[in-house]
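Notes follow the structure.
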Amino acid sequence: DHESAQQLLGYADMALYEAKRNGRNRHEYFRPELNDAARTRRSIETDLRTALHMGQFQLHYQPIIDTRDKRISGYEALMRWEHPSKGTIMPMDFIPIAEDTGLIHEVGSRALNLACREAASWDTGQTVAVNLSPVQFKKPGLVDTVALALSDSGLEAHRLELEITESVLLENSEENIRTLRALKQLGVSISLDDFGTGYSSLGYLRSFSFDRIKIDKSFVRDMGQSREALSIIRAITGMSNSLQIKVTAEGVETQEQQAQLEAEGCSHFQGYLFGYPVSAGQRRKDLD
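Going from the sequence shown to the working numbering is simple: count from 1 and add 99.
This is the structure in structure tokens:
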């Protein structure tokens, strides 16, 4: 591929990164497009550092509806990157690179502090849910970071909900379970996001007392045509209700979906039927 040893090592490193990105325990050959992808990652990494310095990140809030009274019980905080030349960049386009570069710790801390500060200004007492990356669990001090965010903002701990995915429990699970228990001792709630899409294990529910399970939107989308998707929803809701765990169905877009999910025992809804993610300013206007 090249006569320069330094360049060959660079190509090998790109192939190594690709193998890791595709699940590890495998090999990849260097391809020219990997060089293009690496150049794009370096560009985004540089822009991410600038974004953190210039305060280009903001949170949008999507409502979560309680089945019992059809009122908004809380919001999920979703990060948006307002790039000066590229416009709004969605999390799926920068979070993986932030995780790879280690910038996710600063990005995640920024999101947590902003969510706590903005939620503390709400006079409605509604909760705010913030996503935690599995990478954030690899760095000591996560519990202290959350405690400091609560202290600095004045937000009551019971109004903060931290969302994790199953991958948190797959890696270094014993240590991560201890971290989750320490977070719960602060008084915050812990939610298991995208349940059923990964390496779902009922053992997770025995080793840790989750406050909420979120049904992935792919099951909600397919339940009208897929008997398997509906069966999975029924299994999750039945199990969660037996364990007295709240169940939120994500991606609810039609009244038919709402009626079906309510009949299956979902306690909360989230999706475009009830509201799109909006900025903190727009949320205040909507309430007014």
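The beta carbon of each residue, even a glycine, is placed where N, CA and C say it ideally should be.
query: Proximity below 8 Å, CB of ALA256 to CB of LEU249; result: yes
query: Spatial neighbours of LEU241 in its chain, beta-carbon cut-off 7 Å, leaving aside the 5 residues before and after; result: GLN235 and THR278
query: Residues sharing a beta bridge with PHE193, DSSP; result: DSSP lists no partner for PHE193.
query: Distance, ARG123 Cα to HIS101 Cα; result: 26 Å
query: SER339 versus GLU127, SER308, ARG140 and PHE318, residue with shortest Cα-Cα distance; result: SER308
query: Length of the line joining the Cα atoms of THR336 and SER330; result: 10 Å
query: ASN121 classed as buried or exposed, judged by whether at least 16 other C-beta atoms fall within 10 angstroms; result: exposed
query: Coil, strand or helix - LEU285 by DSSP; result: coil
query: Paired residues, beta bridge with ARG179 - DSSP; result: GLN157
query: Whole-angstrom distance between ILE332 and TYR110, CA atom to CA atom; result: 45 Å
query: Enclosing beta strand (DSSP E) for LYS345 [first to last residue]; result: 345-348
query: Closest Cα partner of ASP292 within the set GLU265, GLY302, GLU274 and GLN105; result: GLU265
query: Helix, strand or coil at LEU269 [DSSP, three-state]; result: helix
query: Span separating the alpha-carbon of ARG130 from that of TYR174; result: 43 Å
query: Cβ neighbour criterion (16 or more within 10 Å) applied to GLY201; result: exposed
query: Given ASP192 as reference, the closest of LEU147, PRO162 and LYS169 once Cα atoms are compared; result: LEU147
query: Cβ shell of GLU205 (< 7 Å), same chain only, five flanking positions each side left out; result: LEU151
query: Close-in-space but distant-in-sequence residues of the same chain around ALA176 (CB under 7 Å, 5 per side omitted); result: LEU158, TYR160, ALA210, ALA214, VAL227, ALA228 and VAL229
query: Helix, strand or coil at LEU108 [DSSP, three-state]; result: helix
query: DSSP three-state assignment for ASP251, whether helix, strand or coil; result: helix
query: Per-residue DSSP class, three states only, for SER184; result: coil
query: Assumed close pair ILE203, SER232 - CB separation to whole angstroms, cut-off 8 Å; result: 5 Å
query: PRO183 versus THR149, SER172 and PRO162, residue with shortest Cα-Cα distance; result: THR149
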